[in-house]
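Q:
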Amino acid sequence: MPVRLCLNAVAKTFVMHLQDGLSLPVVANVDFSVNAGECVVLGGPSGAGKSSILKMIYGNYRCDEGQILVVRKPDEIIDIAHAAPRRMLALRHDTIGYVSQFLRVIPRVSALDVVAEPLLTQGADEETARARARDLLSRLNVPERLWSLPPATFSGGEQQRVNIARGFIADYPVLLLDEPTASLDAANRAVVVKLVDEKKAQGVAMLGILHDQDVRDRIADRIIDVTAFRPAA
Amino acid sequence: MTSSALPDRAEAQAAAATADEPLLKVSGVTRYYGDRIGCTDISFDLWPGEVLAIVGESGSGKTTLLNCLSTRLAPTAGAIEYRMRDGAMRNLYQLTEAERRLLMRTDWGFVHQNPAEGLRMTVSAGANVGERLMAVGNRHYGNIRDTATSWLERVEIAADRIDDQPRAFSGGMRQRLQIARNLVTHPRLVFMDEPTGGLDVSVQARLLDMLRRLVADLGLSVIIVTHDLAVARLLSHRIVVMRHGRIIETGLTDQVLDDPREPYSQLLVSSILQA
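If you read the protein sequences in the order shown, they are chains A and B. Residue numbers 1 to 233, in UniProt numbering, belong to the letters of the first sequence in order. Residue numbers 1 to 275, in UniProt numbering, belong to the letters of the second sequence in order.
1) List, in chain order, every chain A residue whose beta-carbon is nearer than 7 Å to that of residue 254 of chain B.
2) So if I threshold CB-CB distances at 9 Å, which residues from the segment 103–133 of chain B count as touching chain A?
3) Could you work out which residue in B:157, B:132 and B:166 is closest to residue 144 of chain B when comparing CA atoms only?
4) Given this structure, state the Cα-to-Cα distance separating residue 81 of chain A from residue 60 of chain B, to the nearest angstrom.
5) In whole angstroms, what is the alpha-carbon distance linking residue 179 of chain B and residue 45 of chain A?
6) So, at 7 Å on beta carbons, what are the nonlocal neighbours of residue 51 of chain B in its own chain, with the 5 sequence-adjacent residues on each side left out?
7) Checking contacts by CB at 7 Å: is residue 13 of chain A closer than that to chain B?
8) Could you give the C-beta distance for residue 130 of chain A and residue 191 of chain A, rounded to a whole number, given that I count them as a contact under 8 Å?
9) Kindly identify the DSSP beta-bridge partner or partners of residue 264 of chain B.
10) Is residue 209 of chain B close to chain A? Criterion is C-beta to C-beta, closer than 7 Å.
11) With residue 172 of chain B and residue 201 of chain B assumed to form a contact (beta carbons below 8 Å), what rounded beta-carbon distance in angstroms separates them?
12) For the beta strand (DSSP E) holding residue 203 of chain A, just list the boundary residues, first then last.
13) List the endpoints of the continuous beta strand (DSSP E) containing residue 65 of chain A.
14) Between the beta-carbon of residue 252 of chain B and the beta-carbon of residue 88 of chain A, is there less than 7 Å?
15) If you run the structure through DSSP and keep just helix, strand and coil, what is residue 136 of chain A?
16) At 4 residues or longer, what runs of the alpha helix (DSSP H) sit wholly inside the segment 65–137 of chain B?
17) Which residue marks the beginning of the alpha helix (DSSP H) containing residue 43 of chain A, and which one marks its end?
18) For residue 169 of chain A, report the span of its beta strand (DSSP E) as first-last.
19) Alpha carbons only, please: which of B:164, B:127 and B:165 is nearest the one belonging to residue 148 of chain B?
20) Taking 7 Å as the cut-off, decide whether the C-beta atoms of residue 86 of chain B and residue 188 of chain B are in contact.
21) Got a sec: which bits of the segment 13–36 of chain A sit with their beta carbon under 8 Å from any beta carbon on chain B, in order along the chain?
22) Could you give the DSSP three-state label for residue 114 of chain A: helix, strand or coil?
23) DSSP three-state label for residue 1 of chain A, please.
24) Across which residues does DSSP place residue 242 of chain B in a beta bridge pair?
25) Taking Cβ to Cβ, would you say residue 182 of chain A is nearer than 7 Å to residue 137 of chain A?
26) Do residue 271 of chain B and residue 249 of chain B have their C-beta atoms closer together than 7 Å?
27) Measure how close the beta-carbons of residue 66 of chain A and residue 141 of chain A come, nearest whole angstrom, since I'm counting them as under 8 Å.
28) How far does the alpha helix (DSSP H) with residue 222 of chain A in it reach, from first residue to last?
29) Counting beta carbon pairs with one atom in the segment 217–232 of chain A and one in the segment 29–46 of chain A, are three or more of them shorter than 8 Å?
30) Is there a C-beta anywhere in chain B that falls below 7 Å from the one on residue 88 of chain A?
31) Step through the CB atoms of chain A and report whether any lies within less than 7 Å of the CB of residue 244 of chain B.
32) Quick one: what does DSSP say residue 151 of chain A is sitting in, helix, strand or coil?
33) Please report the distance separating the alpha-carbon of residue 116 of chain A from that of residue 170 of chain A.
34) Would you kindly work out how many angstroms separate the C-alpha atoms of residue 234 of chain A and residue 34 of chain B, rounded to a whole number?
35) Could you check what DSSP says for residue 336 of chain B in three-state terms: helix, strand or coil?
36) Tell me the DSSP secondary structure of residue 188 of chain A in three-state form.
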């Protein structure tokens, strides 16, 4: 399967100006690639830089050194490390999705609309987007009586599942999974595993952080040990 | 408001997405007050459909810059070019007075922090919205009133308040009325100066949510000055951080907020109270 995402000699250092310019190297010489239809999981202890790698790919964090190449349809190759903000937004719109449980609550928007939004902004019509949102919410066992309510008042678990539905709904060729199953019950974990399998079948390239051993064994095609990218002290 | 699918949404977004030329080009804009710097050497492009937040503490030059951009204050040096509806790029300070006025009341909006500055407080809410329609040539009373009513509803002001003066409105309602007055002519570019300043938190949340939807539905380009980073996070795509009249850092909103690079930006971000 073709390569969709490729990191090349990537390094990241935080400089904390409020702590006398303290320099915190996080990762260095990060080299790996992810193919279409493959799920690669980043392994290693907490603090090893897994999240930083994910955030550099999504553009939340700047990439100090190296290249992060992503293939944008049909055959354009973009270096995220040097992409202008406008390019990055375009990539987030049509190429890279981010699945996390952390919901930045937007006041007064119903759960159904929160979930449908990414698909709507990709140009789907209202009916299709709503139908897919309903399907995902019911698969993730979010009670139907909640769908028309803003998720702000939902339980923690319900909010997580709303956000997972939001992360999986749209059609991105590259999907970043940031602990999508942490603290879900077994039934919902199984749903997420199924969703990941469906994305694989569609040829989506996935890169994830998963602490849950059981889920990791079921979805990871390859595990990359992030401690190998520890910066020289 | 139940649906995000207003009829103009798809069209506006399609237009914004395919646009590959900036709407506004700012080059080297500088404004001195005597020998004091208001803002200096400001350059950036604004793209169609883009929301740009200008953040920084009081006195950093945010409002001076906004006033220069919106032709309310002539810069000492530098150029500001705007893509007119016919596609031509024009230097704002070389427009005739008539052209500039037409731009300001049709293609642009300006939302002031204090709604009293952007509204006429002693004429009815309906007339406040209708006035801008009349300025662009609408003359049919019934049509103007219908359009005004639908805009009041869009900003969540009950239609039966149309004949009341904004003096009788709460601060939040006045701000929503000011927004309706600005958007009724379908502007392409809206300037906002601390639009949520001075409102209490629940009123702010409602206003922000409304703004977020309107901006997306209409495909507006917005330049918003705010010192509230939460407002910037919710509304903007891109952030410009100003200090002592200069741009010290710029980038994607979440990038600047999650990974600020400059000492002053780090200070700003670390000063937010975690609610």
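Glycine included, each C-beta is placed from N, C-alpha and C at the ideal position.
A: Result, derived from the coordinates:
1) 60
2) Flagged: no residues at all.
3) Looking at the Cα atoms, B:132 is the closest of the given residues.
4) 30 Å
5) 50 Å
6) In the same chain as residue 51 of chain B, and ignoring 5 residues on each side of it, the C-beta atoms closer than 7 Å to its own belong to 215, 222, 224, 235, 236 and 237, in chain order.
7) no
8) Wrong, their Cβ atoms sit about 20 Å apart, outside the cutoff.
9) For residue 264 of chain B, which the question treats as bridged, DSSP gives no partner whatsoever.
10) Yes - at least one Cβ of chain A is within 7 Å of the one on residue 209 of chain B.
11) The Cβ separation is near 11 Å, so there is no contact.
12) Run containing residue 203 of chain A: none; DSSP gives neither H nor E here.
13) 65–72
14) yes
15) helix
16) 97–102, 115–118 and 125–135
17) That residue, residue 43 of chain A, is in no alpha helix (DSSP H); its beta strand (DSSP E) goes 39–43.
18) Premise fails: residue 169 of chain A lies in the alpha helix (DSSP H), 156–169, not in any beta strand (DSSP E).
19) Nearest in C-alpha terms to residue 148 of chain B, of all of B:164, B:127 and B:165, is B:127.
20) no
21) Within the segment 13–36 of chain A, the qualifying residues are 14, 15, 16, 17 and 18.
22) helix
23) coil
24) B:247
25) Contact flag unset, no.
26) No; because the gap between Cβ atoms is not below 7 Å, this pair is not in contact.
27) The pair is not a contact, with the Cβ atoms about 41 Å apart (cut-off 8 Å).
28) That residue, residue 222 of chain A, is in no alpha helix (DSSP H); its beta strand (DSSP E) goes 222–225.
29) yes
30) yes
31) no
32) helix
33) 8 Å
34) Chain A is shown only over 1 to 233; residue 234 of chain A falls outside these bounds and no answer can be derived.
35) Examination of residue 336 of chain B is not possible in this model, given that chain B is present from 1 through 275 alone.
36) helix
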